[in-house]
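Notes to accompany the following structure.
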Amino acid sequence: MLKRILIISICLPFICGFSRLGRGEKNMNKYYDKLYAQWQIQTRGKDPIKDFDDISVSKDFLAQKARVLPYLMTKLKEGDTSVSIIISKISKAGLNIILDPKISEKSKAEWLLDWWEKPGEEIIREVTQYWERMLEEDLYFSSPYQTIEETDSGKKIMSLGIAILPYLVREIGNPEPSPGDKVIMRVMIESLVDVKFYKEVEKEGKKVTKENLKKVVLKWWNKNKEDWACPGHKWDD
């Protein structure tokens, strides 16, 4: 019995995960080094893109969310193009490019590196440029999901991945965008982070409305920013 207790006490920190280690960069990088070593082993003889879901360490990387992106981008810069799929799965950036077998691994890596180095101002310019076009195309669609998924401009905005989240959060909080625009912004946030942030108010028996949308989104962002703010881009909060 004592032996069992000792084993549990020794293993408990690892079971609980490294998130409790304190988010010290040194400790987290050690953890990422271990994950990366496993990635290298588990991808031998496999296609990282086609076999992604069958590689067990993939889930561990995805669980780290945006926090692990700087580490993975360093590996990409060093020439390991296999991590492109992890970066894109986490960030939702250029996923259609990464999954396209006709595009070379080098071109995929170059696209991601270019995306990573874009300043926030450039992201804003691109989103603003494509937004107007998207709304013009929106006349033919009946739902925000169709607007995002079926218009060329919507696809281009979404290809920027989580880099656009600060912009969306800020704009939802501004009075200028129309209620229709804000609905599209909300759907974009949900699509990028795969989270129903409006559940924060639903727990209180309320529904998300155009009146409380700003409050709900800001509450969610402030609580989860560390997981979804893209470290590679310069933004002024």
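Position 101, counted from 1, in the sequence shown is what the working numbering calls 86; the numbers after and before it change by one each time, with no gaps.
Heads up, the beta-carbon is just placed ideally off N, CA and C, and yes, glycines get one too.
Computed from a predicted structure; not experimentally measured.
- [ ] Indicate the three-state DSSP secondary structure (helix, strand or coil) for K195 in the structure shown.
- [x] Three-state result, K195: coil.
Open item on the list: Please tell me whether L97 and I72 are closer than 8 Å, where the distance is taken between their beta carbons.
Closed with: A Cβ-Cβ contact shorter than 8 Å links L97 with I72.
TODO: Measure the CB-CB distance between T229 and A94 and report whether it falls below 8 Å.
DONE: Residue 229 falls outside the range modelled here, since the chain spans only -14 to 222, and no answer is possible.
- [ ] Report buried or exposed for A22, applying the criterion of at least 16 other Cβ atoms within 10 angstroms of its Cβ.
- [x] Exposed: under 16 other Cβ atoms inside 10 Å.
Open item on the list: Using a Cβ-Cβ cutoff of less than 8 Å, which residues in the same chain neighbour W154 once the five nearest sequence positions on both sides are dropped?
Closed with: According to the sequence provided, residue 154 is Val. The question's Trp does not apply to it. Cβ within range, chain order: I174, V202, L203 and W206.
TODO: Give the straight-line distance between the Cα atoms of K195 and P164, rounded to the nearest whole angstrom.
DONE: A straight-line Cα-Cα distance of about 7 Å links K195 and P164.
Open item on the list: Just to confirm before moving on: does the CB-CB distance between E111 and L145 stay below 8 Å?
Closed with: Yes. Within cutoff.
Task: For R110, the first and last residue of its enclosing alpha helix (DSSP H) - done: It spans G105 to E122 - the alpha helix (DSSP H) in which R110 sits, taken as one unbroken run.
- [ ] Compare the Cα-Cα distances from K141 to each of Y17, I88 and N81 and report the closest residue.
- [x] Closest in C-alpha terms to K141, from the list Y17, I88 and N81, comes N81.
Open item on the list: By the three-class DSSP mapping on this structure, what secondary structure does P129 have?
Closed with: DSSP places P129 in helix when its eight states are reduced to three.
Open item on the list: List, from N- to C-terminal side, the alpha helix (DSSP H) runs of 4 residues or more that fit wholly inside the segment 80 to 106.
Closed with: Inside the segment 80 to 106, DSSP marks whole alpha helix (DSSP H) runs of 4 or more residues at positions 80 to 83 and 90 to 102, from first to last along the chain.
Open item on the list: Tell me the rounded alpha-carbon separation between G158 and Q25.
Closed with: If you take the alpha carbons of G158 and Q25, they lie about 43 Å apart.
Open item on the list: A51 and D212 - do their beta-carbons sit closer together than 8 Å?
Closed with: Yes; because the gap between Cβ atoms is below 8 Å, this pair is in contact.
TODO: Report back the beta-carbon spacing between L20 and D45 to the nearest angstrom; my notes put them in contact at under 8 Å.
DONE: Here L20 really is in contact with D45; their C-beta atoms are around 5 Å apart, less than 8 Å.
TODO: May I ask you to report which of helix, strand or coil DSSP gives Q23?
DONE: Residue state, collapsed to three classes: helix.
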